[in-house]
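Heads up, the sequence shown is in full-length UniProt numbering, so the first residue is 1 and it goes up one at a time. Positions of the beta carbon are idealized from the N, C-alpha and C atoms, including for glycine.
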Amino acid sequence: MQHRKVPVISVTALAGVPDFVRSLYGEPTLRRANTAVKLDLEAIGDPDAFMPLAVLSRFVHAIERHARQPDFGLLVAPHLSIRNYGCWGSYLLGADTLAGVIERAIRASRFHSSDESVRLDVANGVARISYPSAAKGQKGYPHIACGVVGILLSICREYLPAHWRPLRVELDFPMPNRPSEYEEQFKCPVWFDAAAPAVCIDAHQLSLSKNRSDTRRLLTLSDVAGSRERLRDPDFSAIVAEQVRHQLVAGGGTVDSVARTLDLSVRSLQRELHRCGASFRDITSTVRTRRAAELLRETDVSITQISADLGYSAPAHFARAFRKVTGRSPRDYRMSFRQQSEDRQQTPPGTNP
Numbered sequence: 001m002q003h004r005k006v007p008v009i010s011v012t013a014l015a016g017v018p019d020f021v022r023s024l025y026g027e028p029t030l031r032r033a034n035t036a037v038k039l040d041l042e043a044i045g046d047p048d049a050f051m052p053l054a055v056l057s058r059f060v061h062a063i064e065r066h067a068r069q070p071d072f073g074l075l076v077a078p079h080l081s082i083r084n085y086g087c088w089g090s091y092l093l094g095a096d097t098l099a100g101v102i103e104r105a106i107r108a109s110r111f112h113s114s115d116e117s118v119r120l121d122v123a124n125g126v127a128r129i130s131y132p133s134a135a136k137g138q139k140g141y142p143h144i145a146c147g148v149v150g151i152l153l154s155i156c157r158e159y160l161p162a163h164w165r166p167l168r169v170e171l172d173f174p175m176p177n178r179p180s181e182y183e184e185q186f187k188c189p190v191w192f193d194a195a196a197p198a199v200c201i202d203a204h205q206l207s208l209s210k211n212r213s214d215t216r217r218l219l220t221l222s223d224v225a226g227s228r229e230r231l232r233d234p235d236f237s238a239i240v241a242e243q244v245r246h247q248l249v250a251g252g253g254t255v256d257s258v259a260r261t262l263d264l265s266v267r268s269l270q271r272e273l274h275r276c277g278a279s280f281r282d283i284t285s286t287v288r289t290r291r292a293a294e295l296l297r298e299t300d301v302s303i304t305q306i307s308a309d310l311g312y313s314a315p316a317h318f319a320r321a322f323r324k325v326t327g328r329s330p331r332d333y334r335m336s337f338r339q340q341s342e343d344r345q346q347t348p349p350g351t352n353p
């Protein structure tokens, strides 16, 4: 039986964007965009988390709508950096040459996005670095395409001279009303209605080495695979669980809000989960318990507040659900963990307790 395929992408695809929106358009615009996707992207805190590609599209479209800025993607593109892409970006920048970066990006694309990949085509002395996006056709896509170009340019600038300019930029959406603004922003000719977002450079520049030293820890593909394992062809139930986890942090996580995030009806969502041998109730219970355990271990937030934050109608309901999974009450769990931590601190190094 074939299950529904939901394209997903690393949350680092929006790294730096919330700050940019806040500084340019204000906190209310960012808050409305977060509400539109039922997530607080800054609160996720896990650079190896992922989200449906539809969430990315809906987020940037909401910014366009609430900021009344049709060129949002063009404005944010120069502020995007591959250095903010977590372990995936660090792995790419461990290459000695620009060609090496592109080779790594092709090899490791599945650890950034489940349905997208970097491409390199060389002909007549021109190297075309492209990134066909699975979001094409969705609302807000022009912003995503501009962001793709911004990241490709960021990669190139890590290896090319300071005053380097691309031969051209290609965008796969129709020519806008003011195409000259795109050429001014990207400092080169811009072609529209192209096959995919792309940056074109002189082919000989592929052999150029990094133009600044990098003291960060070198990463291997195995390191990236270990961190981004959840992005490797996640099944539908895993995608739902990830959305519940993110939405709980933002005060949501209902079946209705998760279904809307995935562009599904509640019935379709439940039917797909049934095909996976899962249920929304069981997924929510598991995610809530894990989140509760994290909050009990790592914060001093009251049990009453944790209960409310996780959507329980009363602390007693929370305690009963937590005990059913862990065998302990929330209070006993917290006290036991803290006692173990104190015992470890009091045990001299090299001594068995």
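Checklist line | Length of the line joining the Cα atoms of Phe192 and Phe318 | finding: Translated into positions along the sequence shown, residue 192 becomes position 192. Translated into positions along the sequence shown, residue 318 becomes position 318. So the two alpha carbons sit approximately 54 Å from each other.
Next item on the list: Check Val190 in the structure and name its three-state DSSP category.
Entry: As a working note, residue 190 is residue 190 in the sequence shown. Strand, per DSSP.
Item checked: Cβ shell of Ser154 (< 8 Å), same chain only, five flanking positions each side left out -> One-based indexing of the sequence shown puts residue 154 at position 154. Cβ neighbours of Ser154 beyond the five flanking positions: Leu80, Ser81, Ile82 and Arg83.
Next item on the list: Return the bridge partner residues of Pro132 from the DSSP annotation.
Entry: Numbered from 1 along the sequence shown, position 132 holds the residue referred to as residue 132. In the DSSP output, where bridge partners are listed per residue, Pro132 has none listed.
Next item on the list: Could you check if Arg58 is buried or exposed, using at least 16 other CB atoms within 10 Å of its CB as the buried criterion?
Entry: Along the sequence shown, read from residue 1 onward, the residue named residue 58 stands at position 58. Arg58 comes out buried.
Notebook entry, point to check: Between Asp202 and Ala127, what straight-line distance do the alpha-carbon atoms span, to the nearest angstrom?
Noted result: For the purposes of this step, residue 202 is identified with residue 202 of the sequence shown, where counting begins at 1. For the purposes of this step, residue 127 is identified with residue 127 of the sequence shown, where counting begins at 1. Roughly 6 Å between the two C-alpha positions.
Item checked: At least three beta-carbon pairs within less than 8 Å, the segment 234-247 to the segment 267-280 -> yes
Item checked: Val6 versus Val37: straight-line alpha-carbon distance, rounded -> Position 6 of the sequence shown, counted from the start, is the residue given in the question as residue 6. Position 37 of the sequence shown, counted from the start, is the residue given in the question as residue 37. Going by the C-alpha atoms only, they are around 16 Å apart.
Next item on the list: Return the CA-CA distance between Gly94 and Ser222, expressed in angstroms with no decimal places.
Entry: Taking the sequence shown and counting its residues from 1, one reaches residue 94 at position 94. Taking the sequence shown and counting its residues from 1, one reaches residue 222 at position 222. Each residue's Cα considered, the two are about 14 Å apart.
Notebook entry, point to check: Which runs of the alpha helix (DSSP H) spanning at least 4 residues fall entirely within the segment 16-44, listed in chain order?
Noted result: 17-25 and 27-37
Margin query: Could you tell me the alpha carbon to alpha carbon distance between Glu42 and Thr220, rounded to whole angstroms?
Written below: Working through the sequence shown from its first residue, we reach residue 42 at position 42. Working through the sequence shown from its first residue, we reach residue 220 at position 220. So the alpha carbons of these two residues sit roughly 27 Å apart.
Checklist line | Straight-line gap, Arg22 to Thr29 (C-alpha atoms, nearest Å) | finding: As a position in the sequence shown, residue 22 is number 22, starting the count at 1. As a position in the sequence shown, residue 29 is number 29, starting the count at 1. Rounded to whole angstroms, Arg22 to Thr29 spans 7 Å at the Cα level.
Check: Are Leu24 and Leu56 close, meaning C-beta to C-beta below 8 Å?
Finding: Along the sequence shown, read from residue 1 onward, the residue named residue 24 stands at position 24. Along the sequence shown, read from residue 1 onward, the residue named residue 56 stands at position 56. In this structure, Leu56 does not lie closer than 8 Å to Leu24 by Cβ.
Notebook entry, point to check: Under a three-way DSSP split, which group does Phe50 fall into?
Noted result: Here residue 50 is taken as the residue at index 50 of the sequence shown, counted from 1. Looking at Phe50 - three-state DSSP - the assignment turns out to be strand.
Next item on the list: Going by CA-CA distance only, name the one from Arg31, Phe186 and Gln270 that's closest to Arg65.
Entry: Walking along the sequence shown from the start, residue 65 turns up at place 65. Checked all of Arg31, Phe186 and Gln270; the closest Cα to Arg65 is Arg31.
Check: Taking the alpha carbon of Gly147 as the point to measure from, which residue in Arg68, Thr12 and Tyr333 has its own alpha carbon closest?
Finding: Counted from its first residue, the sequence shown places residue 147 at position 147. Among Arg68, Thr12 and Tyr333, the Cα nearest to that of Gly147 belongs to Thr12.
Next item on the list: Starting from Cys200, trace the beta strand (DSSP E) both ways and give me its first and last residue.
Entry: The sequence position of residue 200 within the sequence shown is 200, counting from 1. Note, Cys200: beta strand (DSSP E), Ala198 to Asp202.
Note to self: Taking the beta carbon of Pro161 as the centre, do at least 16 other beta carbons fall within 10 Å, making it buried, or is it exposed?
What the structure shows: Position 161 of the sequence shown holds residue 161. Pro161 is exposed by the Cβ-count criterion.
Next item on the list: With distances taken Cα to Cα, identify the nearest neighbour of Ser285 among Phe322, Leu218, Gln138 and Ala316.
Entry: By one-based count along the sequence shown, residue 285 stands at place 285. Residue Phe322 is the option with its Cα nearest to Ser285.
Checklist line | Burial state of Arg320 (16 or more Cβ within 10 Å) | finding: Sequence index remark: in the sequence shown, residue 320 carries index 320 (1-based). It counts as exposed.
Next item on the list: Could you tell me whether the Cβ atoms of Gln138 and Ala198 are closer together than 8 Å?
Entry: One-based indexing of the sequence shown puts residue 138 at position 138. One-based indexing of the sequence shown puts residue 198 at position 198. Taking 8 Å as the Cβ cut-off, Gln138 and Ala198 do not qualify as a contacting pair.
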